[in-house]
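Enquirer: Counting in our numbering, the final residue of the sequence shown is number 355, and the numbers go up one at a time with none missing. For every residue, glycine included, the Cβ atom is placed at its ideal position computed from N, Cα and C. Starting off with a structure, shown below.
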Amino acid sequence: QVHLVESGGGLVQPGGSLRLSCAASRITFSAYSMGWYRQAPGKQRELVAAITSAGMSTNYGDSVKGRFTISRDNAKNTVYLQMNSLKPEDTAVYYCKAEWKVAGLSFWGQGTQVTVSS
């Protein structure tokens with residue numbers, strides 16, 4: 238069974254930084270594109286950032302461009318989300334997603350809470 242485990246969430250003041258990690262197991266990690274999504278209370282889940290399987294291409298949601306950076310280490314089966322200049326509106330549960338479109342496979346992590354508040 239595939240496991241995606243997010244970590245690194247917490248409470249941070251506005252303007253601060255956090256680094257999220259998502260460790261994958263029981264998966265051919267290098268075959269999957271990886272994404273970070275978030276869901277705030279009462280809102281739909283939205284894409285934050287995504288990275289292709291080899292890490293050659295990334296894309297970001299408009300609200301986080303220039304502040305967040307996604308990266309991956311295929312040797313460690315881990316994807317990261319560096320979040321800088323955090324704002325209260327970044328408060329949400331952040332989820333990791335692995336997707337292998339050709340094979341029709343996708344998996345979600347359980348989520349990690351990020352709260353930006355003074």
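1. Taking buried to mean at least 16 other C-beta atoms within 10 Å of its own C-beta, is residue 314 buried or exposed?
2. Can you find at least 3 beta carbon pairs, one from the region 337-352 and one from the region 249-263, that sit closer than 8 Å?
3. Take residue 248 and list the residues in its own chain whose beta-carbon comes closer than 7 Å to its own, dropping the five residues that flank it on each side.
4. Per DSSP, what kind of secondary structure is residue 340 in: helix, strand or coil?
5. Which same chain residues, not among the five before or five after residue 337, have their C-beta less than 7 Å away from its C-beta?
6. So, for residue 321: in the same chain, excluding its five sequence neighbours on each side, which residues have a beta-carbon less than 6 Å away from its beta-carbon?
7. Relative to the C-alpha of residue 335, which candidate in 252, 245, 266 has its C-alpha closest?
8. If you draw a straight line from the alpha carbon of residue 318 to that of residue 245, how long is it in whole angstroms?
9. In three-state DSSP terms, what is residue 300?
Expert: Inspection of the coordinates gives the following:
1. buried
2. yes
3. 352, 354
4. coil
5. 268, 269
6. 254, 304
7. 266
8. 9 Å
9. coil
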